[in-house]
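To start, the structure under review is shown below, and the notes come after it.
Number of protein chains: 2
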Amino acid sequence: MARTKEFSEDQALDKAIEIFWHKGYNGTSAQDLVTHLGLSRSSLYDTFGDKQKLFAKALNKYQSDSYVKVKEILETATNIKDTLTLIFKLAVVESLEDRITKGCFMVNSAVELAMHDEEIAKIVRDNQKVMEEVFFTAVKKGQEAGQISTKQEARLLARFIFNTYSGIRVLARAGEKDKQVYDDILKALFSLF
Amino acid sequence: MARTKEFSEDQALDKAIEIFWHKGYNGTSAQDLVTHLGLSRSSLYDTFGDKQKLFAKALNKYQSDSYVKVKEILETATNIKDTLTLIFKLAVVESLEDRITKGCFMVNSAVELAMHDEEIAKIVRDNQKVMEEVFFTAVKKGQEAGQISTKQEARLLARFIFNTYSGIRVLARAGEKDKQVYDDILKALFSLF
DNA sequence: CTAATTCAGGAACGTTTGTTCCGTATTTTT
DNA sequence: AAAAATACGGAACAAACGTTCCTGAATTAG
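Chains V and X, in that order, give the protein sequences. For reference, each letter of the first sequence is one residue, going 61 to 253 in the numbering used here. For reference, each letter of the second sequence is one residue, going 61 to 253 in the numbering used here.
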């Protein structure tokens, strides 16, 4: 029927994630998107609708990608406590290294947009729900295997893990570069397990 | 020499805190400021310079006000653990009640601007420093009085308190309305004390 | 009362914003 | 080969942006 797209929609979305992650929704202009995605304005609008729709699609992809990643890691883990430690240590390394996409795209979007955009708010809340569930399942498994203390309920620990993660990502976004600060937080978190 | 101002600069700043807190920096337009502060454009710019300067002044006032408040409460406290519990329970109530200025203005600003505005980044980092110090002093006092466990170092606990607070404020900003979620987080936090 | 000063309101500025439209190139189907 | 359909680049759009300037009113000092 017609010409084929010269770009991959998925790759374009990854580029959109990058620039929105770095600059936020309101901080990213249409020109920024054209430049960073390497598409013309028409292709961009023909493919994704408008800026808000593109943002929602990008955030959805980010949530899906990161969810699948964490879920897989935890489901194939033999020692839950060690694996959780690994996940958090990786988050710390990322926080200290990355110079562009600091923090967490989901946390940033929650703070900037959840109050003002119901579609984004729903993505954020859904992410929270499924992430809590992933942690919950993992903690439960860890408790049954005797790797995690049963002093606290699995639900409570799952929620606390998620909350601590959010805090760390804010810290990273604020530019905290002292590894000791992160390590203290991790030490405190894992003292509960 | 001349006419006196018809408005209080301090009250105007409080209004600026409100609107910036609610909408963020990039989400707040000059017209929003004029409308919400009740000043003319000229008065606004004559008094505060420009939007960025007004924001920085507003954030500075917010940090100063909230710092003084927490510091006073903790310094006059007879039981540190109970007082910390009270502070966090109040934060939860605010998170559940407030419909406008959800979350924490400092956390929101850190996420939105710290990477892109060095002046704001400095305010955020300074706030982090002094808040950690307030918590540190309080925890230390609590440990010496036997109100807080000495199983963890005071420095570590102070950092963890701050981090958990950030997380809670993100949760509130995301629109979490389930009190049980907040209570679980608080229960986990205080199980460390 | 006059002069000096600073106020407040609103028009106006040039930019930048997000979005649309048009002309052309390219590919696929008939 | 012709026709249909879509991608592309860039010009063009109105609206909103942050900021400045101009006007006249108000207040105080001399």
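C-beta atoms are modelled at their ideal positions from N, C-alpha and C, and glycine is treated no differently.
CB contact flag (residue i, residue j, <8 Å)
{"i": "X:Tyr-127", "j": "X:Met-175", "result": "no"}
{"i": "X:Leu-216", "j": "V:Lys-247", "result": "yes"}
{"i": "V:Glu-204", "j": "X:Gly-84", "result": "no"}
{"i": "V:Val-230", "j": "X:Ala-181", "result": "no"}
{"i": "X:Val-194", "j": "X:Val-152", "result": "no"}
{"i": "X:Asn-120", "j": "V:Asn-86", "result": "no"}
{"i": "X:Gly-227", "j": "V:Gly-227", "result": "yes"}
{"i": "V:Leu-252", "j": "X:Ser-209", "result": "no"}
{"i": "V:Thr-224", "j": "X:Thr-224", "result": "yes"}
{"i": "X:Ala-90", "j": "X:Lys-113", "result": "no"}
Helix, strand or coil at residue i [DSSP, three-state]
{"i": "X:Glu-132", "result": "helix"}
{"i": "X:Asp-158", "result": "coil"}
{"i": "X:Asn-187", "result": "helix"}
{"i": "V:Tyr-85", "result": "coil"}
{"i": "X:Ser-226", "result": "helix"}
{"i": "X:Leu-114", "result": "helix"}
{"i": "X:Thr-210", "result": "coil"}
{"i": "X:Leu-231", "result": "helix"}
{"i": "V:Gly-202", "result": "helix"}
{"i": "X:Asn-120", "result": "helix"}
{"i": "X:Lys-237", "result": "coil"}
{"i": "X:Phe-250", "result": "helix"}
{"i": "V:His-96", "result": "helix"}
{"i": "X:Ser-68", "result": "coil"}
{"i": "V:Met-166", "result": "helix"}
Backbone CA spacing between residue i and residue j [nearest angstrom]
{"i": "V:Val-241", "j": "X:Val-199", "result": "17 Å"}
{"i": "X:Glu-157", "j": "V:Thr-138", "result": "43 Å"}
{"i": "V:Lys-141", "j": "X:Lys-141", "result": "29 Å"}
{"i": "V:Lys-117", "j": "V:Trp-81", "result": "13 Å"}
{"i": "X:Leu-104", "j": "X:Gln-123", "result": "22 Å"}
{"i": "X:Thr-97", "j": "V:Lys-239", "result": "Looking at the sequence provided, one finds Leu at residue 97 of chain X rather than Thr. Each residue's alpha carbon lies about 42 Å from the other."}
{"i": "X:Val-94", "j": "X:Gln-71", "result": "14 Å"}
{"i": "X:Gly-206", "j": "X:Glu-132", "result": "21 Å"}
{"i": "X:Asp-106", "j": "X:Asp-92", "result": "17 Å"}
{"i": "V:Phe-108", "j": "X:Thr-88", "result": "26 Å"}
{"i": "V:Lys-201", "j": "V:Leu-146", "result": "17 Å"}
Should the segment 147 to 165 of chain V be called in touch with the segment 70 to 82 of chain V, which here means at least 3 C-beta pairs below 8 Å? yes
Does the contact criterion of 3 or more C-beta pairs under 8 Å hold for the segment 237 to 252 of chain X versus the segment 211 to 227 of chain V? yes
Closer than 8 Å is the cut-off here; do at least three beta carbon pairs connect the segment 63 to 72 of chain X with the segment 174 to 189 of chain V? no
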